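Remarks on the structure that follows.
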Amino acid sequence: MEIVQQNEKELVLKDKLWILLFFVFPSIGIPVFTPPMIVLQKDLVIKASCQRVEPTQVNCQVDSSKYFGLIKDSSTSLTRVTEAKFNSQKKKDRNGDTYFDYFVTLVSQTGKEVVSLQGNSYIDGFKGNPQKMNQIVAEINTFINNSTKPSLFIHYDLRFKWKNLLPLAISITFIAIGILIVAVLYLRTLILNKSERQLTYEESSLLNTYTKHYSFVQIKELIIDIYTDSDGDKFCSLKIVLVLPAENQNHQREVTLIKGFDIEKVKNLANTVADLIEIPYQELSN
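Okay, structure coming up:
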């Protein structure tokens with residue numbers, strides 16, 4: 001807990017939210033964001049359009065998009081396209097494993113070749129779908145040589161392939177787990193009111209809020225527990241011990257205000273609380 005409000009009559013302490021998030025986000029945030037970011041940065045949507053500007057002249061443009069087709073990644077245009085070629089290239093990844101890169105090249109009347117369509121997804125040892133690449137080549141060449149149509153439009157969409165949807169499904173699962181954890185986690189608030197001589201303890205979560213009021217008379221003691229570990233480092237905690245009504249089976253309750261290795265910080269808070277509730281703190285060493 002940390003002090004969020006302090007004056008002569010009242011002291012308010014609350015749990016540090018960032019500490020709870022520190023434990024939640026590494027375990028939930030990394031699985032949530034990492035797989036989708038890998039997928040979203042791929043060119044999952046490729047659109048190719050070819051226009052017949054003259055009976056024997058075809059101009060083509062290819063646009064690729066990332067982030068599930070929302071943001072354009074690159075655009076390639078070529079005039080006087082004479083043919084499309086299917087190409088493959090043998091490569092090695094960072095682990096030294098061999099894979100094949102399949103892509104479509106557009107060739108202009110001057111002999112210029114431009115890599116235009118490439119499936120940016122690795123499946124079973126190859127990058128790009130060879131069957132789909134061959135199909136695109138056939139469509140473009142048919143349009144150039146054996147068609148009188150004014151235009152050709154090709155839409156190469158990998159967004160809804162299972163391989164690309166799986167990371168998103170994993171992320172959604174972890175988001176659900178994260179929501180469940182956040183719902184179960186609670187933040188504590190402790191209010192010490194000197195005028196009313198009352199301690200208010202509250203636990204709040206997404207599901208509910210639990211609030212109890214105690215009189216200062218029920219405060220049995222204020223304790224600083226100091227522990228020394230095997231390395232000789234000291235760790236301490238500040239606790240308020242409350243005496244509960246006799247019908248309560250436990251008869252007393254401990255509320256930990258702060259924990260840490262900074263003994264001076266713990267003692268400073270202990271002095272502040274002790275002055276307010278008018279009960280001196282005790283030190284216990286283990």
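Take the sequence shown: its letter number 144 is residue 144 in our numbering, and every next letter is one higher. The beta carbon of each residue, even a glycine, is placed where N, CA and C say it ideally should be. Computed from a prediction, not measured in an experiment: that's the story for all the values here.
1) For Thr-76, list the residues DSSP reports as bridge partners.
2) I need the DSSP call for Phe-174, collapsed to helix, strand or coil.
3) Around the C-beta of Leu-284, are 16 or more other C-beta atoms found within 10 angstroms, so that it is buried, or is it exposed?
4) Relative to the alpha-carbon of Ser-65, which residue among Asn-59, Ile-175 and Asp-73 has its alpha-carbon at the smallest distance?
5) Near Lys-47, which residues of its chain fall below 6 angstroms by C-beta distance, leaving aside the five closest residues on each side in sequence?
6) Does the pairing of the segment 1-13 with the segment 99-117 give three or more beta-carbon distances under 8 angstroms?
7) Who pairs with Ala-270 in a beta bridge, going by DSSP?
8) Could you pull out every residue in the same chain whose Cβ sits closer than 7 angstroms to the Cβ of Leu-269, ignoring the five residues on either side in sequence?
9) Tell whether a beta-carbon distance below 8 angstroms holds between Ser-288 and Leu-152.
10) Spatial neighbours of His-251 within its chain, please: CB distance less than 8 angstroms, with the 5 preceding and 5 following residues excluded, ordered by chain position.
11) CB Gln-211 to CB Thr-200, shorter than 8 angstroms?
12) The beta strand (DSSP E) with Phe-235 in it runs from where to where?
13) Cutting at 6 angstroms between CB atoms, please list the residues of its own chain near Gln-61, excluding the five before and the five after it.
14) Just verifying my parser: in three-state terms, what is the DSSP assignment at Glu-139?
15) Taking the alpha carbon of Glu-113 as the point to measure from, which residue in Val-273, Val-81 and Gly-260 has its own alpha carbon closest?
16) Can you tell me whether DSSP reads Leu-166 as helix, strand or coil?
From the atom records:
1) Counting from one through the sequence shown, the residue named residue 76 turns up at place 76. Val-62.
2) Locating residue 174 in the sequence shown gives position 174, counting from the first residue. Reduced to three states, the DSSP call for Phe-174 is helix.
3) In the sequence shown, counting from the first residue as 1, residue 284 sits at position 284. It counts as exposed.
4) Counting from 1 along the sequence shown, the entry for residue 65 is found at position 65. Checked all of Asn-59, Ile-175 and Asp-73; the closest Cα to Ser-65 is Asp-73.
5) Taking the first residue of the sequence shown as 1, we reach residue 47 at position 47. So the qualifying residues of the chain are Asp-63 and His-155.
6) Remark: fewer than three beta-carbon pairs, one from each stretch, lie closer than 8 angstroms, so the segment 1-13 and the segment 99-117 are not flagged as touching.
7) The residue given as residue 270 occupies position 270 in the sequence shown. None; Ala-270 has no bridge partner.
8) Position 269 of the sequence shown, counted from the start, is the residue given in the question as residue 269. Closer than 7 angstroms at the Cβ level, and outside the excluded window around Leu-269, lie Leu-238, Leu-257 and Ile-258.
9) There is simply no residue 288 to check, as the chain begins at 1 and stops at 286 in what is shown.
10) Numbered from 1 along the sequence shown, position 251 holds the residue referred to as residue 251. Within the same chain, His-251 has close Cβ partners Val-243 and Leu-244.
11) Here residue 211 is taken as the residue at index 211 of the sequence shown, counted from 1. Here residue 200 is taken as the residue at index 200 of the sequence shown, counted from 1. For the record, residue 211 in the displayed sequence is Thr; it is not Gln. Yes, Cβ-Cβ distance for Thr-211 and Thr-200 is below 8 angstroms.
12) As a first step, residue 235 is located in the sequence shown; it is residue number 235 there, counting from the start. For Phe-235, the enclosing beta strand (DSSP E) covers residues 234-243.
13) The residue labelled residue 61 in the question sits at position 61 within the sequence shown. Excluding residues within five positions, the ones whose Cβ falls inside 6 angstroms are Ser-49 and Ser-77.
14) Stepping through the sequence shown from its first residue, residue 139 is reached at position 139. Annotated three-state conformation of Glu-139 is helix, per DSSP.
15) In the sequence shown, residue 113 corresponds to position 113, counting from 1. Of Val-273, Val-81 and Gly-260, the residue nearest in Cα terms is Val-81.
16) Your numbering for residue 166 matches position 166 in the sequence shown. Helix, per DSSP.
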